[in-house]
Structures are given as C-alpha cells and as structure tokens.
Amino acid sequence: MFPQKMVSVFNFTKRIIAARPKKIRFLTLFFLFLFQFGNSENLKIGKIKFIGNYFLSDKKLYSAIHSYAGGNYDQKTLNEDAKRISELYAREGYYNVSVSFPQIETKNPKAIDVSFIISENGKIRIDSLVIEGNKYISTKKLKKIFEKKPDLEQFSRNIRDLADFYVQNGFFFAEVRLDSLVKKKNRYYAFISVSENKHCEFEEFKFKGNQVTKEKTLLKISGLGKTRKFNMEILSRAEENIRKKQYIKDCRIIPLNPKELLIEIEEDRMTYFSGIIGYDNSQTKKNKFTGFVNMDFLNLFGSDRAISFSWKKFSADRSSIELKYHESGFYSVPFNGDLTFFREEVDSTYIKNTVDAEIYLYNLVHKYGVYLGVDDIYPGSRKTEIIKKSSYKKTGAFWIFNNSDYYLNPRKGTNFYLKYFYIFSRPEYKTVTKQALEISWEYYRELVNRLVFSLSLNAKGIENKNLTEFDFYYLGGSGSLRGFNEHQFSGYRIGWSNTELRFLFSRDSRVFLFSDYGYVKNLDYTFGALFGFGFGLRMQTKLGMLGIDYGIGYQNGKLRNPLDGIIHFGIETKI
2 MFPQKMVSVF NFTKRIIAAR PKKIRFLTLF FLFLFQFGNS ENLKIGKIKF IGNYFLSDKK
62 LYSAIHSYAG GNYDQKTLNE DAKRISELYA REGYYNVSVS FPQIETKNPK AIDVSFIISE
122 NGKIRIDSLV IEGNKYISTK KLKKIFEKKP DLEQFSRNIR DLADFYVQNG FFFAEVRLDS
182 LVKKKNRYYA FISVSENKHC EFEEFKFKGN QVTKEKTLLK ISGLGKTRKF NMEILSRAEE
242 NIRKKQYIKD CRIIPLNPKE LLIEIEEDRM TYFSGIIGYD NSQTKKNKFT GFVNMDFLNL
302 FGSDRAISFS WKKFSADRSS IELKYHESGF YSVPFNGDLT FFREEVDSTY IKNTVDAEIY
362 LYNLVHKYGV YLGVDDIYPG SRKTEIIKKS SYKKTGAFWI FNNSDYYLNP RKGTNFYLKY
422 FYIFSRPEYK TVTKQALEIS WEYYRELVNR LVFSLSLNAK GIENKNLTEF DFYYLGGSGS
482 LRGFNEHQFS GYRIGWSNTE LRFLFSRDSR VFLFSDYGYV KNLDYTFGAL FGFGFGLRMQ
542 TKLGMLGIDY GIGYQNGKLR NPLDGIIHFG IETKI
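According to the working numbering, the sequence shown is numbered sequentially starting from 2.
Next up, the structure:
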C-alpha cells in the first residue's frame, strides 16, 4: 500500500513516460526512487510487536532493540534489531532461536507497525551432554545438576545452576559457557566448557571505608575470621552481620582474587538517640502520655564496645532507668559479653534493682551463651510496707539463631530465640527453686515484589511455685500486644503472636497492617481472647526514622472504640 502522495507522483510520471519513453524513462525512475527514499524519512513507527516469544517478555525484548514507537522508520536499524534479539536470547541461555526479518504493515501515510516473528523451538531436547575443562569437580557430579533430556528452557536454567554450584563450592571466578549445540541424526549434542580457575581460600582481607572502626573489629563481627569454607551465602551473611551494627550504614564484601577479599563499608554516626510518645485518649489527663528515651554511644574507640542509657515512663506512675555495657572481648576469639544495670520504681510502693550478665560465643548465624542475674527488691517510701525486702538469683543458658536478610526490613529469613534458666529465692528463710522458659520465633517471606508477610510467635512462662508479682511477665503495648496500654496485663504464663502484611517502599521504610493475639494466665484470672488490630508506618525522613502505630484492642467480647485507640509516635535520630 503506497501513501497517497506517492501514488499521485507515480501517476504523473507514468504519463510522462508514455509520452517520451526512450529519453526520460531512466531519469524518471531515478527521480521516483529518490522521492520514495526521501519520503521514508518522514515515516514514523507506530507499534512494535513481538510474536512467538514465550521465554522472554515483551518488555525485555523491547529493551534490547534500538527502534522505538514514535521514532523514525529505518529498515537497516530494524534488521540490526532482529540480530540484537537473537543475541539477547543467546545471552539468556536460549539457543536455536530464529528471528525473522521485521514485518512492516502500513496503517496510514505517516506511520507503520513493525512485527518481529520469533521461533523459540522450545520443544528441542538435549540427548547427550559433554562437559569439558573441569578438574576439581567430577563430570559425574556436574551432570547430576542437569535434568534428564532437558528442553532448551530447562537446559538454560541448568547452565545457570551449574555456575551457581561452582560459586557455592568456593569457585567464585569459575566460568561456564555453551561451546556448541550440534544436531546429528535427529539427536542434539550439547558441549559445555568449564573454566574453574582456582578454588577461593581467602587468607588476606582488605578494608575500605572504615575511618573509625578497626579492621580487626570488622573481621570479628563479620564472622569470617574463623571461616575456612566460603560461598556466596556465607559472604551475604557476613555482610548482614556487619550491616546489623547501628554504626554501619552499608557493607559489601567482594572477592578480588582467590586469595584476597575486600570488605567495604560505609560508616554512620556513632551516637544514637531515640524517643517515642504514646497517647491514650481513654485515660485521665494524668495517665494519657507514656514514652521512653534511649541514648547509645556506639563503637567506642572503633572496638564495637558500647554504652547505652534508657529511661521509660509507663502509666500508673511506673518509671525505670537502664544502663547497658557491651564488651566485644578479644579480637582472636568470637566472644562477647553484655552487662545490664536496671532500676525500676513504682509509686512509693517498691524499688527494684537488677543486674544481668550474658556471656556468649557466636558465629555467622548462631549465638550460644550463659545467663546470670540478681534481682533485689526494696520497699518504697510508704509508711505501711506493702512489699517486703527480697532477693532473687538467676542462672541459665540461651541460644539465638538469625538468618534474616536485613535486620530493619527483612524480606526473608527466620529468627529464633530460646532461653532456659533457674530462679533461686529465700522467702522466710527457706530456699525455693523455680524454672522459667522464654521462646520466640519470627518468620519473613516476600509474597511478591516488596509485599512481605511477617509472623512472630512468642511465649514466656515460669513455674507456679511461691510466686510473687515480681515473677510475673507483662503483656501489652507496642512491643507485644498493640491496641492495649504498656504492661496492661501480667501473669506467670503469657503468649502472643504478631502478624503483619508489609509493603516496603524503600530499604528502610514500610507501611503495614497488623493483627495481634495475646494470652495471659495469672493466679486470679485467665485471658484467652485478647486481640489487637491496626496499621503502622516506618519511614526514613531527614529528621530520622519516623514511626507511627495505631491499634484497637478487643477484650471480653468488646471491640474498643476506634476513637479511643492507642497511638504510638516516635522519631529515631542519629546525632
């Protein structure tokens, strides 16, 4: 189909040729050719379509070509685009794919549509496989990675699996490629070439970006110091161990060669301040506000040692002060210790002083340690003593497992915490021994891109033997059961779950819906149907991390008035 302008010129030249055929025929045809060639520069590309592509999406194919919708028509560029599509398939591991010359369809005098017809030949199956160049890993073991008589799509995936297999076994610089695909007597033979290079046994570590943090400190907290077998999963876990420190903004671990490993970090500021205010509209004016303030002095002298201070003010005139010290231990031993001093005052009823110590060994994903503690209870300033002086000693062990991918906004992984200990007390001059157990399990899974499902199950219990209120666990508030006041419930056996559906709109920010469930068993009552519903926000701003949670509680068959819901608001800032 010719454009209208081209048809009129053609009729005009036809009449001239009929009048003087011998003298001007050549010049006329040449003129017509030049006119058509010049007119093609004004043609625009309307739509670009891909037909027959199943392995690769239209979007991916479109990104590989130079022509684009709305651009000028150029036959040479379109022919080269067909070649680019074939090369893209080869890079993705799809072989024996044919791409025809682009088909042109004229829709109007000024625009054309272009179609690329692709034959992927996905039903071809590999009958025989030959692997060459492997020295360290046997051919028999490598062939187990491939499916039996794979089609081209499966075969492409198996080649990538083969490359990943080498990386997982410490060959970070191995190269795997398809040399040729041969058809002989209706059978297909694939020849794969492997360049294993040297097995990586990193003995020298280089560092970049650490202005304050010592190199030995980074090597220790990464967990790589005692590692003898390296793969990509181990390096990713080491990156996360370093990144988990609040004074580290980001970390990358890059193999430079089979002997050298680069640990590159970006440090953050070392002083950390955070505060949060809770507002409960259903309470009286005196008890409407709750909150806390934390101050952390991190990475002292670049050694990972830290000092933290915390002040909290709860409802019912409950306040507390806490001081923590983190000891990083010797560089050559994966040993740490945490020491905590805690003081709590409730009205003028009692004062509680606590000293806790945790000493533990750790590796990439595990922590194993012992727990020691002392609690001293003193009566308050009341004239009539309600609380008697008492003392408790604790000893036990704990285990922590953590393989989540990012501590602030995990997309996948599991965290597990288990603590078992004994409590010794001497009420009325006799020794009483009780057992206690604390357990927590967290699970994260990315359902689709940026949409993450989070589930947390928690339980704490103490043996029902000569219990006092200081043996009880507390439930309620932003850290456990949202939609209720901080520490609203107490019991010797509690449990709760937190279910969240999160949308991550950046690495450190998210919005989420939550549903919480709580259980409390006390000496006097049992609550088995406590629920909290609501939504929350975590967002990175110039002032710091903004946190907002709104929850509505359900108790005794009644849902709290939404206007009386619990709001928690806070800003976390590094100064």
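We put the CB at the ideal spot given by N, CA and C, even for glycine.
Under the three-pair Cβ rule at 8 Å, the segment 527–544 counts as touching the segment 505–512. Here residue 430 carries a helix assignment [DSSP, helix/strand/coil]. In the structure shown, residue 348 adopts coil according to DSSP, grouped into three states. The beta carbons of residue 70 and residue 86 sit about 16 Å from each other, so the pair does not count as a contact at 8 Å. Under the DSSP definition of a beta bridge, residue 233 lacks any partner. Residue 132 is positioned such that its CB atom lies closer than 8 Å to that of residue 144.
Counting only residues of its own chain and dropping the five nearest sequence neighbours on each side, residue 336 has a CB closer than 7 Å to the CB of 330 and 362. With distances taken between CA atoms, residue 534 lies nearest to 553 out of 526, 548, 523 and 553.
Residue 193 and residue 181 have their C-alpha atoms roughly 7 Å apart. For the pair of segments examined, the segment 463–471 was found to touch the segment 428–445: the number of CB pairs separated by less than 8 Å reaches three.
The segment 350–368 and the segment 251–259 do not touch, with fewer than 3 CB-CB distances between them shorter than 8 Å.
For residue 161, the enclosing alpha helix (DSSP H) stretches over residues 153–169. Every unbroken stretch of the beta strand (DSSP E) spanning 3 or more residues and falling wholly within the segment 285–326 is given here in chain order: 290–301 and 306–315. Inclusion of residue 261 and residue 210 in the CB contact set at 8 Å is not warranted, their separation being larger than that value. Per DSSP, the continuous beta strand (DSSP E) segment holding residue 459 begins and ends at 452–463.
Residue 148 carries a coil assignment under DSSP once its states are collapsed to helix, strand and coil. For the options 444, 458 and 112, the alpha carbon positioned closest to that of residue 75 is the one of 112. Beta-bridge partners of residue 468 (DSSP): none assigned. DSSP links residue 99 through a beta bridge to 120.
If you check the CB distance, residue 353 and residue 376 come in under 8 Å.
Counting the other CB atoms within 10 Å of its CB gives residue 327 a total of 16 or more, which places it among the buried residues. Taking C-beta atoms as the reference points, residue 233 and residue 168 count as a pair closer than 8 Å. Annotated three-state conformation of residue 526 is coil, per DSSP. Around the CB of residue 567, 16 or more other CB atoms lie within 10 Å, so the residue is classed as buried.
Here residue 341 carries a strand assignment [DSSP, helix/strand/coil]. Residue 255: member of the beta strand (DSSP E) spanning 249–256, first to last residue. In the DSSP annotation of this structure, the continuous segment of the beta strand (DSSP E) that includes residue 176 starts and ends at 176–185.
Residue 279 holds the alpha-carbon nearest to the alpha-carbon of residue 569 among 527, 424, 246 and 279. Pairing residue 495 with residue 461 gives a Cβ-Cβ distance under 8 Å. Sixteen is the threshold: since fewer than 16 other Cβ atoms of the shown chains lie within 10 Å of the Cβ of residue 136, the residue is exposed.
Between residue 205 and residue 172, the C-beta gap is not smaller than 8 Å, which leaves the two residues out of contact. Residue 308 is classed as exposed because its beta carbon has fewer than 16 other beta carbons within 10 Å across all chains shown. With a threshold of 16 other beta carbon atoms within 10 Å, residue 489 meets it and is buried. The C-beta distance from residue 153 to residue 118 rounds to 18 Å, too long to meet the 8 Å contact threshold. In the three-state DSSP reduction, residue 354 falls in the strand class (E or B).
A residue is called buried when at least 16 other Cβ atoms come within 10 angstroms of its Cβ; residue 448 does not meet this threshold and is exposed.
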